[in-house]
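Student: A single structure is presented below for examination.
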Amino acid sequence: MNVQRSDAGDRLCEPDAHFARLSTDPLADAFSGRAGAHAQGGGAPVGAQEVAGLWDRLAGTPRAGASVAYVHVPFCENHCLFCGFYQNPWRRELGAPYVDAVLAQLAAGAETAVQRGHPLRAVYLGGGTPTALAARDLARLVEGLRRHLPLAPDCEITLEGRIVSFGLEKARAAFDAGVNRVSLGVQTFDDGVRRRMGRKSTRAETRRFLEGLVALDRGAVVIDLIYGLPGQDRATFRADVRQAAALGLDGLDLYSLKAIPGTPLLIAQDKGKLTPAAPTELGHYYADGAEEMDRAGWAAISTTHWRRGTRERSIYNFEVKAGAQCLAFGAGAGGTLHGHGYRITPDLDAYLAGAGQGGARLIAGMMRPAPLAPVHAAIKAGMERGRLAFAPVDRALTACGRPAGFENLAAPLVAQWQRAGLLTARPAACDLTLAGRFWQVAMTARLIAWTDACLADANQKETA
Numbered sequence: 001m002n003v004q005r006s007d008a009g010d011r012l013c014e015p016d017a018h019f020a021r022l023s024t025d026p027l028a029d030a031f032s033g034r035a036g037a038h039a040q041g042g043g044a045p046v047g048a049q050e051v052a053g054l055w056d057r058l059a060g061t062p063r064a065g066a067s068v069a070y071v072h073v074p075f076c077e078n079h080c081l082f083c084g085f086y087q088n089p090w091r092r093e094l095g096a097p098y099v100d101a102v103l104a105q106l107a108a109g110a111e112t113a114v115q116r117g118h119p120l121r122a123v124y125l126g127g128g129t130p131t132a133l134a135a136r137d138l139a140r141l142v143e144g145l146r147r148h149l150p151l152a153p154d155c156e157i158t159l160e161g162r163i164v165s166f167g168l169e170k171a172r173a174a175f176d177a178g179v180n181r182v183s184l185g186v187q188t189f190d191d192g193v194r195r196r197m198g199r200k201s202t203r204a205e206t207r208r209f210l211e212g213l214v215a216l217d218r219g220a221v222v223i224d225l226i227y228g229l230p231g232q233d234r235a236t237f238r239a240d241v242r243q244a245a246a247l248g249l250d251g252l253d254l255y256s257l258k259a260i261p262g263t264p265l266l267i268a269q270d271k272g273k274l275t276p277a278a279p280t281e282l283g284h285y286y287a288d289g290a291e292e293m294d295r296a297g298w299a300a301i302s303t304t305h306w307r308r309g310t311r312e313r314s315i316y317n318f319e320v321k322a323g324a325q326c327l328a329f330g331a332g333a334g335g336t337l338h339g340h341g342y343r344i345t346p347d348l349d350a351y352l353a354g355a356g357q358g359g360a361r362l363i364a365g366m367m368r369p370a371p372l373a374p375v376h377a378a379i380k381a382g383m384e385r386g387r388l389a390f391a392p393v394d395r396a397l398t399a400c401g402r403p404a405g406f407e408n409l410a411a412p413l414v415a416q417w418q419r420a421g422l423l424t425a426r427p428a429a430c431d432l433t434l435a436g437r438f439w440q441v442a443m444t445a446r447l448i449a450w451t452d453a454c455l456a457d458a459n460q461k462e463t464a
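Just so you know, my numbering puts 411 at position 411 of the sequence shown, and the rest follows in order with no gaps.
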């Protein structure tokens, strides 16, 4: 890569805003604090009076390009201490009516241009806790998705859940219905940490269930582990990763604990009842996990996800971060159509009453696409994988009516980050180092902000 200085970059970029701290330990302190789980970059909200008309136009426009679907099951058996997605307590009698409502929403939109036609690469059943549903309701839901959506022949169908509400009979029902990937939030195998976090199953129970699920050999089995939990040290986390690698799983996610406002964990932390790992230690936990994965021979397919073999593809997770269109179903589900973000009403009663009518009645809010949304998506896609190639970003710039030249535009930032030990410049690309992979979300947000600022400055020059 030919690293050059940019006048626009010199003027717009303050070190505190975009540059990394130069230190001997970039894993610990390259940036202050941690960014959120996903880099943002949205547009302006759509006025309530415009939603119905805009929705009808979008729904009547055929999709093109990468497309997925998300189905939200907004019930939880308990509020996990660290989770910011809690909506409704689980009650058994709600399961069948809720599945009926989602099936009604699917049927109501079955003939719209946006729902039929272009095949979907992945479907994700998330929550909440989809595995809380009874086996029959879970099967009905998956069968309805296959009936009403244009799924690609190799479509990835993921069921997210918890071990405590799952069982091998329910797993068989899900696989029989068409699920081919199961993603479970284990978080940790350590019994002491699990008790502190309110997890109901023991280490032994968790291990036995995962071994049984793997033995079914019906689809990819993936789990999440979290590092930085209260009571967890680096040795405990290393043991967690080694245990996961020894179970015959297909995929493993390693996530940093996030201090999300309003969660029981943050409330307990503020009261001094629980103490998570210090922010400056989290990068070293990540490095420990990555080292264990490398020793086990697993391949990193993103900055947070590893796989043992080719069965695990993680299509949905990558595509939504790379700007794919996403059809949303279920109360509180979020999606993207033709660049516009939208959310289905999270009001359970309103959803149950109106799902069969479909359309704009279910929409709680919409966002317009950012002017440079394709550029943002290209940056996110590369950074998520750990290698940012410049050609896809240049193609996105051209599609947005801007001249190519991302390499020179980003050169000051790339040069500084290389000095900080976060990436290595290559011809026409840059590769994130281990520290860069840990800080990927923070770096992506800064790179998007830098790009927007430089292009805005160039635009002002053109119109002056």
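Cβ coordinates follow ideal geometry from the N, Cα and C atoms, glycine included.
These numbers were taken from a predicted model, which means no experiment stands behind them.
At which residue ranges does the segment 318-357 contain complete beta strand (DSSP E) runs of 3 or more residues, listed in the order of the chain?
Tutor: With a minimum length of 3 residues, the continuous beta strand (DSSP E) runs that stay inside the segment 318-357 are 325-329, 334-337 and 340-344.
Student: L422 and A435 - do their beta-carbons sit closer together than 9 angstroms?
Tutor: For the purposes of this step, residue 435 is taken as residue 435 along the sequence shown, with counting starting at 1. For the purposes of this step, residue 422 is taken as residue 422 along the sequence shown, with counting starting at 1. Cβ atoms of A435 and L422: closer than 9 angstroms.
Student: What's the C-alpha gap between P45 and A370?
Tutor: Taking the first residue of the sequence shown as 1, we reach residue 45 at position 45. Taking the first residue of the sequence shown as 1, we reach residue 370 at position 370. Taking the straight line joining both Cα atoms gives about 10 angstroms.
Student: Three or more beta-carbon pairs under 8 angstroms between the segment 281-294 and the segment 331-341, yes or no?
Tutor: Result no; under three Cβ-Cβ pairs closer than 8 angstroms.
Student: When the Cα atoms are used, what is the spatial distance from P26 to G359?
Tutor: Your numbering for residue 26 matches position 26 in the sequence shown. Your numbering for residue 359 matches position 359 in the sequence shown. Near 49 angstroms, if we compare the C-alpha coordinates of G359 and P26.
Student: Under a three-way DSSP split, which group does A37 fall into?
Tutor: As a first step, residue 37 is located in the sequence shown; it is residue number 37 there, counting from the start. The predicted position of A37 is uncertain, since its pLDDT is 49 and thus under 50; no value can be drawn from it.
Student: Inspect the beta-carbon positions of V68 and Y342 and report whether they are closer than 9 angstroms.
Tutor: Along the sequence shown, read from residue 1 onward, the residue named residue 68 stands at position 68. Along the sequence shown, read from residue 1 onward, the residue named residue 342 stands at position 342. The answer is no: Cβ separation not under 9 angstroms.
Student: If we ignore side chains and look at the alpha-carbon of each, how far apart do M367 and V51 end up?
Tutor: Within the sequence shown, residue 367 is the residue found at index 367, counting from 1. Within the sequence shown, residue 51 is the residue found at index 51, counting from 1. Straight-line Cα distance between these residues: approximately 10 angstroms.
Student: Terminal residues of the continuous beta strand (DSSP E) containing P153?
Tutor: Taking the sequence shown and counting its residues from 1, one reaches residue 153 at position 153. Looking at the DSSP string, the run of the beta strand (DSSP E) that includes P153 is L151 to G161.
Student: Does the Cβ of I267 have 16 or more other Cβ atoms within 10 Å, making it buried, or fewer, making it exposed?
Tutor: Along the sequence shown, read from residue 1 onward, the residue named residue 267 stands at position 267. I267 is exposed by the Cβ-count criterion.
Student: R426 to W450, Cα distance in whole Å?
Tutor: Here residue 426 corresponds to residue number 426 of the sequence shown, with the count starting at 1. Here residue 450 corresponds to residue number 450 of the sequence shown, with the count starting at 1. Rounded to whole angstroms, R426 to W450 spans 20 angstroms at the Cα level.
Student: Which ranges does the alpha helix (DSSP H) cover as unbroken runs of at least 4 residues, wholly within the segment 112-193, from first to last along the chain?
Tutor: Qualifying alpha helix (DSSP H) stretches, in chain order: 135-148 and 168-177.
Student: Within this structure, are the beta carbons of I467 and S256 separated by less than 9 angstroms?
Tutor: Examination of residue 467 is not possible in this model, given that the chain is present from 1 through 464 alone.
Student: Just to confirm, are G128 and P74 a CB contact at a threshold of 9 angstroms?
Tutor: Here residue 128 is taken as the residue at index 128 of the sequence shown, counted from 1. Here residue 74 is taken as the residue at index 74 of the sequence shown, counted from 1. Yes.
Student: Beta carbon of A322, beta carbon of A381: below 9 angstroms?
Tutor: Indexing the sequence shown from 1 puts residue 322 at position 322. Indexing the sequence shown from 1 puts residue 381 at position 381. Against a cut-off of 9 angstroms, the Cβ pair of A381 and A322 comes out as a contact.
Student: Going by beta-carbon coordinates alone, are G219 and L168 separated by less than 9 angstroms?
Tutor: Residue mapping note: residue 219 aligns to position 219 of the sequence shown, counting from 1. Residue mapping note: residue 168 aligns to position 168 of the sequence shown, counting from 1. No, the pair does not count as a contact, with Cβ atoms beyond the cut-off.
Student: Taking the beta carbon of R181 as the centre, do at least 16 other beta carbons fall within 10 Å, making it buried, or is it exposed?
Tutor: Position 181 of the sequence shown, counted from the first residue, corresponds to residue 181. Looking at its Cβ environment, which holds 16 or more other Cβ atoms inside 10 Å, R181 is buried.
Student: In the DSSP assignment, find the alpha helix (DSSP H) that holds M367 and state where it starts and stops.
Tutor: One-based indexing of the sequence shown puts residue 367 at position 367. Segment I363 to M367 is the beta strand (DSSP E) holding M367; no alpha helix (DSSP H) there.
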